[in-house]
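Input: a single structure, listed below in structure tokens.
Residue numbers (the working numbering): 1146 to 1457.
Written out as structure tokens, the structure reads:
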């Protein structure tokens, strides 16, 4: 697809972690530009099977064209949050090889002006991954209460001036709707004190709104738990996250399910079930210096990997 730009972050690290084998079933939960999927397909062909999820039509068109010669690929226009239902409908009981998550928004989404993800380009407030969804950034900014705005700016954006920004939004809404990205960015700029920082004052708020619009954190948490039920013994889960909120969810879930005991310290007898996961890397893998130089946004990426050790 002409005009579709996508950089595959930690392409080899994430796919190497899956230890791909021909004949097994793999899932790419975030197809994007198809970089990870293509490398997986090269390593599992001809008998392996790859199921790739995405809800972005641009990504599906671009990746579909890129991967059109692979007959063992199934691209599904669905959120990965529906992984259990989709795999069941495809007649797949277990993920026998592994599953890959590349979380967050893609370069294409963030830089395409009319998608409304960026405060550096004027566009309607949108931020939807799925353009067929009825709920957008406009609805958050113009419909949420002051308290709800404070909550999402604080929790999802870790924005310390959440109260000031929310109050400014409410006051502005009394006069007119906030329709565009630049209107919102300018409002944030005017309602926060000038401080020395390497990031734009609107960065955290835009992140928070994007997460809210697309239910990102809840989808990650729910889907990781669903995936644990789908993994065959020995299958691997490989997850790339781009901010601390996502990484914390992955880290805590991996840690919990790899522990042998969750009992209270005062409990004499442990009745905990055996752990489900084995951590392959206790500390996250980060992008190489060369990759960061080529693609600066990859500096925030963290890769965590675990293996299923639960025998059915």
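In this text, a Cβ means the ideal position worked out from N, Cα and C, and glycines have one as well.
Output the boundary residues of the alpha helix (DSSP H) element that contains residue i.
i	result
residue 1368	1361-1375
residue 1230	1228-1234
residue 1160	1156-1161
residue 1211	1202-1211
How would you write the range of the beta strand (DSSP E) that residue i sits in, first residue to last?
i	result
residue 1198	1194-1199
residue 1423	1422-1424
residue 1173	1170-1173
residue 1384	1381-1386
residue 1178	Where residue 1178 is concerned, there is no enclosing beta strand (DSSP E), given that its DSSP letter is neither H nor E.
residue 1249	Element bounds for residue 1249: n/a, residue is neither H nor E.
residue 1453	1447-1453
residue 1219	1218-1222
Measuring alpha carbon to alpha carbon, tell me which of the options ends up nearest residue i.
i	options	result
residue 1404	1414, 1242, 1447 and 1419	1419
residue 1380	1393, 1165, 1157 and 1152	1165
residue 1223	1176, 1263 and 1207	1176
residue 1303	1364, 1342, 1389 and 1265	1389
residue 1178	1444, 1208 and 1408	1208
residue 1196	1217, 1184 and 1417	1217
residue 1399	1236, 1326 and 1449	1449
residue 1187	1167, 1205, 1275 and 1439	1167
residue 1237	1171, 1337, 1435 and 1439	1171
residue 1219	1276, 1433, 1441 and 1194	1194
residue 1367	1341, 1394 and 1357	1394
residue 1203	1296, 1274 and 1439	1274
If you draw a straight line from the alpha carbon of residue i to that of residue j, how long is it in whole angstroms?
i	j	result
residue 1210	residue 1316	47 Å
residue 1307	residue 1369	30 Å
residue 1298	residue 1288	15 Å
residue 1231	residue 1332	42 Å
residue 1269	residue 1410	54 Å
residue 1213	residue 1234	22 Å
residue 1391	residue 1226	15 Å
residue 1446	residue 1181	15 Å
residue 1290	residue 1282	14 Å
residue 1364	residue 1349	20 Å
residue 1417	residue 1407	7 Å
residue 1189	residue 1265	41 Å
residue 1355	residue 1412	43 Å
residue 1318	residue 1311	11 Å
residue 1201	residue 1414	50 Å
residue 1396	residue 1183	27 Å
residue 1284	residue 1313	16 Å
residue 1229	residue 1240	11 Å
residue 1426	residue 1206	34 Å
residue 1323	residue 1335	15 Å
residue 1437	residue 1309	34 Å
residue 1253	residue 1221	A caution first: residue 1253 carries a pLDDT of 48, below 50, which makes its placement in the model unreliable, though a value can still be read off. Cα to Cα, residue 1253 sits roughly 19 Å from residue 1221.
residue 1280	residue 1286	11 Å
residue 1185	residue 1292	45 Å
residue 1339	residue 1325	23 Å
residue 1161	residue 1345	35 Å
residue 1428	residue 1320	50 Å
residue 1357	residue 1371	21 Å
residue 1296	residue 1337	17 Å
residue 1276	residue 1341	36 Å
residue 1343	residue 1278	33 Å
Taking the Cβ atom as the reference point for each residue, do residue i and residue j lie within a distance shorter than 9 Å?
i	j	result
residue 1272	residue 1359	yes
residue 1373	residue 1422	yes
residue 1198	residue 1263	no
residue 1382	residue 1155	no
residue 1173	residue 1267	no
residue 1362	residue 1401	no
residue 1330	residue 1347	yes
residue 1163	residue 1242	yes
residue 1384	residue 1245	yes
residue 1456	residue 1378	yes
residue 1443	residue 1157	no
residue 1453	residue 1327	no
residue 1432	residue 1440	yes
### Query
What are the uninterrupted segments assigned as alpha helix (DSSP H) that are 4 or more residues long and contained completely in the stretch 1258-1325, given in chain order?
1282-1288, 1291-1302 and 1307-1318
### Message
Going residue by residue through the stretch 1388-1441, where are the continuous alpha helix (DSSP H) segments of at least 4 residues, counting only ones entirely within it?
### Response
1389-1403 and 1434-1439
#### Entry: Start-end ranges of the alpha helix (DSSP H) lying completely within the stretch 1326-1360, minimum 4 residues
Whole alpha helix (DSSP H) segments, 4+ residues: 1326-1336 and 1348-1359.
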